[in-house]
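Residue 1 is where the sequence shown starts when you use full-length UniProt numbering, and the numbers rise one by one after that.
A short worksheet on the structure shown next.
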Amino acid sequence: MHRLPRALAFPRQPSQVSRWRPPLHTPRIQRRWKSRTPYGRDGEPMRHQVVRFKSPSWSLRRVVTLGLYTGAAYGFGRVLWRQLDIEIEFVEEEELAQNQQGQNALGEADEAAEEGPFYADENSIFIPLTWSKQMPRSYYRGTDPEWSEFIRVAKDPPRQKLIYKDLTTVILTGSAQHPPVARHLGADPKIGKYWLDISFPDGPPLEYERQGIEIGDGFVAWSTQKVDAEKQWRTQRALVPKAAASGIWAASKVMAGIQWRRVKQYLGWEEVNPMSVEERFRLAIAMSQREDDKSRRPKQTSPGTPTAAPNAAASTATTNPITPPKSNLPWHLPNVKLPYADPDADTSSSPPLDITIARHVFSATLSKLWNPKKAEAPRGTFLVEGIVEVNGGTGKVIFDVSGFYDPRANKFVNINAGIRKVKRWKQRPKGGP
């Protein structure tokens, strides 16, 4: 068998190898400019043409956006032009020199007044254009009238007792007019034990400031506006509705939990949990219906006592309602009525139990986060806080109370009350008789 000779490789010098070696970027350039002509299965080149789609210069969105910006600029210009009065006055050179000398003399006197920011007038129209910034905290001085009033209250124990009595009276009135609380208390509510204390603040609440355009009578200026803590909280609550979002989230979680437990019960994975939300709510409804039935049931009289006429019974029923009328009191308690299964009412129009539970959870969460966790006392007021106990015929309710009292006006500016504990005089077994 004949074999071919091997190929002979002649060695090259290193200088010649590096001299004739192509650069590293050469294949990339060749690959970049390489023809990209597509070919078919039969090997014939396919004809193609590069097309570029260009967006139209005027679209509906651009026209609407331009119209909105133009309309806003035109409206702002018209409002601003109405507030401006342009006057042209011809002044001679001598009068101009005298006016300049007078302005230079008054300028030195007004330098001290020009120091610091100019705050906008309350009667002017103010358009805020920046976010509010917190100002440095200030404190009361010994010469301030607010601090002098605090000293008078601290040295007057009888006045402090009157302040405590006014607060307990407001709590008693509010508890009698609050339907869920009145249902727990029963008839004839009275004030029991209470523990209250007075705390004087070191200074007024924090203040904020924001800058914007002030439109007054005949002028338009860039000025600064002071914002109190309550107004700042309302603005922040409107821009970032955290309370409403938390209420929706809590109600959604409760609804999802109810449906998930029902699915597991239908599949036989678990039994009815008496400590679940829906079962506890159903038990509360049953207890409230039982109490309402007892209150509506006529009292039995002895055989020797004459019975009252039907008209008299009807008149007493109308004049003595179960829940007293409501009034505008500084209360921040959730007021959600429990559903009552009336046999004569139309069941199709009444909401189901799940929706009622979701409403209750949403209202409770919203009322809890609606106000700031720790509010500061307004200027000139001090804090009165403590525990108040209200006793009734069927039970007692203990409240956590806090309020701001104005000693100059001799009244409470704001009162917050939260239920601390609820206790009934007679406790019945939840499992039934």
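Just so you know, even glycine gets a beta-carbon here, dropped at the ideal spot from N, CA and C.
With fewer than 16 neighbouring CB atoms inside 10 Å of its own CB, Arg-47 falls in the exposed class.
For Glu-209, the secondary structure class from DSSP, reduced to helix, strand or coil, is strand. Between the segment 362-372 and the segment 159-171, the count of Cβ pairs shorter than 8 angstroms is below three; the stretches do not touch.
Between Glu-214 and the set Leu-206, Glu-207, Thr-224, Tyr-208, the nearest pair of CA atoms involves Thr-224. Cβ-Cβ separation between Leu-172 and Val-390: approximately 6 angstroms, consistent with a contact (criterion under 8 angstroms). Taking each of Arg-41, Glu-230, Gln-211, Val-227 in turn and checking the Cα distance to Ala-221, the smallest one comes out for Gln-211. Pairing Leu-206 with Met-135 gives a Cβ-Cβ distance under 9 angstroms.
Judged by their CB atoms, Glu-209 and Gly-380 are not nearer to each other than the 9 angstroms cut-off. Ile-198 and Phe-382 do touch by the CB rule: their CB atoms are close to 6 angstroms apart, below 8 angstroms. With respect to the 9 angstroms criterion, Ser-246 and Leu-369 are classified as neighbours on the basis of their beta carbons. In this structure, Gly-393 sits near Leu-185, with a CB-CB distance shorter than 9 angstroms.
Where Tyr-164 is concerned, the enclosing alpha helix (DSSP H) starts and stops at 157-177. For the set Arg-152, Thr-143, Glu-376, the Cα lying nearest the Cα of Lys-231 is the one of Glu-376.
Per DSSP, reduced to three states, the secondary structure at Arg-61 is helical.
Assigned with DSSP and collapsed to three states, Lys-54 falls in coil, not helix or strand. Counting along the chain, Ser-246 sits inside no beta strand (DSSP E); it lies in the alpha helix (DSSP H) bounded by residues 242-267.
If you keep only unbroken alpha helix (DSSP H) runs of at least 4 residues inside the segment 339-425, you get 353-369. For Ser-199, the uninterrupted beta strand (DSSP E) run begins and ends at 190-199, by DSSP. The alpha-carbon separation between Ala-251 and Ala-176 amounts to approximately 29 angstroms. When beta bridges are read from the DSSP output, Ile-151 appears opposite no residue. Gln-49 sits in coil when the DSSP states are folded into three classes, being neither helix nor strand.
Apart from sequence neighbours up to five positions away, no residue of its chain approaches Val-263 with a beta-carbon distance below 7 angstroms. For Gln-134, the secondary structure class from DSSP, reduced to helix, strand or coil, is strand.
With respect to the 9 angstroms criterion, Leu-196 and Val-422 are not classified as neighbours on the basis of their beta carbons. The residue from Ala-154, Tyr-164, Trp-131, Pro-189 with its alpha-carbon nearest to that of Gln-236 is Trp-131. Linking Tyr-39 to Val-51 through their CA atoms gives a straight-line distance of about 19 angstroms. Under the three-state reduction of DSSP, Tyr-74 is assigned to helix.
For Thr-235, the uninterrupted alpha helix (DSSP H) run begins and ends at 229-239, by DSSP. As the crow flies, the alpha-carbon of Pro-204 is around 7 angstroms from that of Ser-138. Of the residues assessed, Ala-409 falls on the exposed side of the cut-off, its CB having fewer than 16 other CB atoms within 10 angstroms. Contact between Val-170 and Val-397 is absent: CB atoms are separated by about 15 angstroms, not below the 8 angstroms threshold. Taken through DSSP and simplified to helix, strand or coil, Tyr-140 comes out as coil. The beta-bridge partner set that DSSP reports for Ala-221 consists of Glu-214.
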